[in-house]
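Presented below is the structure to which this report refers.
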Amino acid sequence: MTEAVSPPRPTGASSEAPPAELERGLKNRHLQLIAIGGAIGTGLFLGSGTVISLTGPSIIFVYMIIGVFVFFIMRALGELLLSNLHYKTFGDIAKDMLGPWAGFFVSWTYWFSWVVACVADIVAITAYTQYFAPDLPVWVPALLTAIGLTILNLQPVKWFGETEFWFAIVKIVAILGLIAVGIVLIVTGYTSPDGVQASVTNLWEHGGLFPLGASGFIMGFQMGVFAFIGVELVGTAAAETQNPRRNLPKAINSIVVRIIVFYVGAMVVIMSITPWDQIEAGTSPFTSTLLLAGFGAAAFAINLVVLTSAASSANSGLYSGTRMLFGLAKDGHAARVFAKVDRRFIPRNAVFFTCVFLFAAIPLLYAGDGVVQAFTFVSSVCASLVLFTWGSIVASHLVYQRRHPEKHAASAFRMPFAKVTPWLVFAFFAFIIVTLLLGESTRPALLAAPVWFVVLAFLWMLRRRRLLREGLPLTGAIPTTTHPLDEVDAEH
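Position one of the sequence shown corresponds to residue 54 (our numbering), numbered consecutively onward.
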């Protein structure tokens, strides 16, 4: 359902017309594929090579454990979003449940984390481009990608949905195709040109399932978390989705199946074809596995797929970041100019402002020893920040249980074991923070994260003082009345 654009005010009006709302232009198939695409990104295609080098075959258990906790987080988010369809993002949830300061911190942190993630994706795109054109200057693909993403996000949301729908289809077909080919190679006992026979025994015959011991297994979580960043995108897209009460639970409940098929299944097949100790860190194991197996043409095709996957991830991240900035502006927590939407319901100013930061990927490519080092640093920063966002969702759910026990009891989409799982999730976050501190490549990024929150605290004090001085509310009010979509759902 789309709210009408407010008519223009008469000439000479003292204030400008209130901004229009976003349009619910995403259909069920868009939301389902956005949910899948959010779970299949650069972290799986490129980052999994680094995780394999750290953990060996135990990466399978790393992804399974992270997947379980991500599922709990998403169930908490789903119940909160459906408890009040006036919520547009989890920034709205945080400000309603935790206070105006929380909405400010969560929304700006999520915006910044997606800016960082998009930079990481552009760095990854540059790495993939080197496969096709090794002599091409790294700034060229980075610049073209940043421009292309800007253009894509200036299109109506239904076109974003269509773009992500087909991007996700490509990723799904590629991974399922790799798994199918891998199973055939394993069943037939295919032997690569290097003399390695495809077999599931390769999972444990090269040092066992935990070849690097408990320490290696634990260190795998630091990069493993980055692979799951983006699953919460389905919560942002819900604000522009038709029939969220029917479509959102479907998208969230399918997360477990996606993790088993796309993460666990792909890793099992890859390491059965190519022993884990022959997979080079910093490269896409999908491409290197096919190359080692002697399938050069297939490796070329897979590299095209992972290139589009990185573009898809960046496109989704930019979409999510601009919507979060739009919400901040609506609350008075950012310049009001970012709350404006054009005739196609696009927050154009928010898009342009966010896209400016994508060009930071270009100097970053020249700052370190290589593309992989740049990707590792940027993804570690993003992982550190997303823990705060995920944590706000769980904390909001705890307050929601205490404040609205009747809603929680009556919810048709309750978080499983809600009295216990939030605390288990918090314990898991503490564990992830420890692993980030232990890793030499991830420690600087984690230690840099508090600087961002110090900056936010300073900005919040300034914004809060200004709002109070002008006699304005600290945040936009969220209606508690029935949402129009509830009435539509009731009719059906």
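Think of the CB as a built atom: it goes at the ideal place given N, C-alpha and C, for glycine as much as any other residue.
Can you check DSSP and say which residues form a bridge with residue i?
{"i": "residue 331", "result": "Beta-bridge pairing links residue 331 to no other residue."}
{"i": "residue 241", "result": "The partner list for residue 241 (beta bridge, DSSP) is empty, contrary to what the question assumes."}
Classify residue i as helix, strand or coil using the three-state DSSP reduction.
{"i": "residue 454", "result": "helix"}
{"i": "residue 208", "result": "coil"}
{"i": "residue 250", "result": "strand"}
{"i": "residue 531", "result": "coil"}
{"i": "residue 168", "result": "helix"}
{"i": "residue 141", "result": "coil"}
{"i": "residue 472", "result": "coil"}
{"i": "residue 151", "result": "coil"}
{"i": "residue 368", "result": "helix"}
{"i": "residue 545", "result": "Any reading at residue 545 needs caution, since the residue's pLDDT is 46, under 50, leaving its predicted position unreliable; the model's value is listed next. Three-state DSSP puts residue 545 in coil, outside helix and strand."}
{"i": "residue 526", "result": "coil"}
{"i": "residue 45", "result": "Past the edges of the chain, shown from 54 to 545, lies residue 45, and the structure says nothing about it."}
{"i": "residue 387", "result": "coil"}
{"i": "residue 518", "result": "helix"}
{"i": "residue 459", "result": "helix"}
{"i": "residue 395", "result": "coil"}
{"i": "residue 479", "result": "helix"}
{"i": "residue 296", "result": "coil"}
{"i": "residue 348", "result": "coil"}
{"i": "residue 214", "result": "helix"}
{"i": "residue 257", "result": "coil"}
{"i": "residue 467", "result": "coil"}
{"i": "residue 338", "result": "helix"}
Note down the Cα distance separating residue i from residue j, rounded to an integer number of angstroms.
{"i": "residue 341", "j": "residue 104", "result": "15 angstroms"}
{"i": "residue 365", "j": "residue 313", "result": "21 angstroms"}
{"i": "residue 170", "j": "residue 259", "result": "34 angstroms"}
{"i": "residue 516", "j": "residue 109", "result": "48 angstroms"}
{"i": "residue 113", "j": "residue 521", "result": "52 angstroms"}
{"i": "residue 172", "j": "residue 431", "result": "7 angstroms"}
{"i": "residue 45", "j": "residue 507", "result": "Coverage of the chain is limited to positions 54 through 545, which leaves residue 45 absent and any answer about it impossible."}
{"i": "residue 531", "j": "residue 139", "result": "7 angstroms"}
{"i": "residue 326", "j": "residue 376", "result": "42 angstroms"}
{"i": "residue 191", "j": "residue 350", "result": "24 angstroms"}
{"i": "residue 119", "j": "residue 132", "result": "20 angstroms"}
{"i": "residue 242", "j": "residue 329", "result": "17 angstroms"}
{"i": "residue 449", "j": "residue 135", "result": "14 angstroms"}
{"i": "residue 393", "j": "residue 372", "result": "15 angstroms"}
{"i": "residue 97", "j": "residue 226", "result": "15 angstroms"}
{"i": "residue 512", "j": "residue 439", "result": "20 angstroms"}
{"i": "residue 419", "j": "residue 354", "result": "28 angstroms"}
{"i": "residue 287", "j": "residue 186", "result": "35 angstroms"}
{"i": "residue 478", "j": "residue 451", "result": "12 angstroms"}
{"i": "residue 528", "j": "residue 215", "result": "33 angstroms"}
{"i": "residue 153", "j": "residue 239", "result": "55 angstroms"}
{"i": "residue 231", "j": "residue 339", "result": "8 angstroms"}
{"i": "residue 370", "j": "residue 262", "result": "34 angstroms"}
{"i": "residue 202", "j": "residue 417", "result": "18 angstroms"}
{"i": "residue 490", "j": "residue 396", "result": "47 angstroms"}
{"i": "residue 155", "j": "residue 189", "result": "44 angstroms"}
{"i": "residue 499", "j": "residue 248", "result": "42 angstroms"}
{"i": "residue 256", "j": "residue 269", "result": "16 angstroms"}
{"i": "residue 224", "j": "residue 361", "result": "8 angstroms"}
{"i": "residue 436", "j": "residue 167", "result": "10 angstroms"}
{"i": "residue 457", "j": "residue 473", "result": "17 angstroms"}
{"i": "residue 250", "j": "residue 244", "result": "4 angstroms"}
{"i": "residue 165", "j": "residue 196", "result": "20 angstroms"}
{"i": "residue 150", "j": "residue 460", "result": "14 angstroms"}
{"i": "residue 514", "j": "residue 525", "result": "15 angstroms"}
Under 8 angstroms by Cβ, that's how I've got residue i and residue j pegged, so tell me the actual separation to the nearest angstrom.
{"i": "residue 488", "j": "residue 271", "result": "6 angstroms"}
{"i": "residue 175", "j": "residue 414", "result": "4 angstroms"}
{"i": "residue 320", "j": "residue 116", "result": "7 angstroms"}
{"i": "residue 359", "j": "residue 337", "result": "5 angstroms"}
{"i": "residue 315", "j": "residue 236", "result": "Contact flag wrong, Cβ pair sits at about 15 angstroms."}
{"i": "residue 334", "j": "residue 102", "result": "6 angstroms"}
{"i": "residue 199", "j": "residue 411", "result": "4 angstroms"}
{"i": "residue 217", "j": "residue 368", "result": "7 angstroms"}
{"i": "residue 434", "j": "residue 501", "result": "7 angstroms"}
{"i": "residue 284", "j": "residue 308", "result": "6 angstroms"}
{"i": "residue 142", "j": "residue 380", "result": "5 angstroms"}
Contact criterion: CB-CB distance below 8 angstroms. Does residue i meet it with respect to chain B?
{"i": "residue 491", "result": "Absent from the structure: chain B. Only one protein chain is present."}
* Asked: Is there contact between the stretch 296 to 316 and the stretch 145 to 156, where contact requires at least three CB pairs shorter than 8 angstroms?
  -> no
* Taking one C-beta from the stretch 436 to 444 and one from the stretch 207 to 218 each time, how about it: are there three or more such pairs within less than 8 angstroms? -> no
* Decide if the stretch 468 to 480 is in contact with the stretch 122 to 129; the criterion is three or more beta carbon pairs, one per stretch, under 8 angstroms apart. => yes
* **Any 3 or more C-beta pairs closer than 8 angstroms across the stretch 379 to 393 and the stretch 149 to 164** => yes
* Report yes or no: do three or more beta-carbon pairs, one from the stretch 261 to 278 and one from the stretch 476 to 490, lie closer than 8 angstroms? => yes
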